[in-house]
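Notes follow once the structure below has been shown.
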Amino acid sequence: QNWTRIGALAGNKENEEAGSHVSMSKTGSVVSCSKSTFLDGNVKGAVAVLEENEAEWNVVDTIISSHGNSTSFGASVSLSQDGKTLLAGAPSYNSSAGFFEFFARFG
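When you read off a place in the sequence shown, starting at 1, and then add 19, the result is the number in my numbering.
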């Protein structure tokens, strides 16, 4: 068996840690990928969502936690089978009390 790369997402900045945690929809057309992002000089955990469109992969959204400066957001990610619901966790938030959030895509 031979594997052929069909898509990739590389971090753009040092310590972005893109790809620490990934998840794929059942059809393989939607992928989620944890990464760090930099907003207003602060590092925040984030999840990039990519979709395949005519054999090309595009970032369609970057999700940032609603819980302020959570650097561990995206430490765990899970995508539903249809690729329309995302679960992202942040285990080290608030002295490791942690939290997770659900996100749904409409349209």
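Where is the CB? At the ideal position from N, CA and C, for every residue including glycine.
Secondary structure of S55, DSSP reduced to three states = strand
query = F122 to Q20, Cα distance in whole Å?
reply = 36 Å
query = Excluding sequence positions up to five away, which residues of its chain have a Cβ less than 6 Å from the Cβ of G38?
reply = C52
request  = Note down, in chain order, each residue of its chain lying with its Cβ closer than 7 Å to the Cβ of Y112, except the 5 sequence neighbours on either side.
outcome  = H86, S89, S91 and F118
key: Reduced DSSP secondary structure (H/G/I, E/B, other) of N31   = coil
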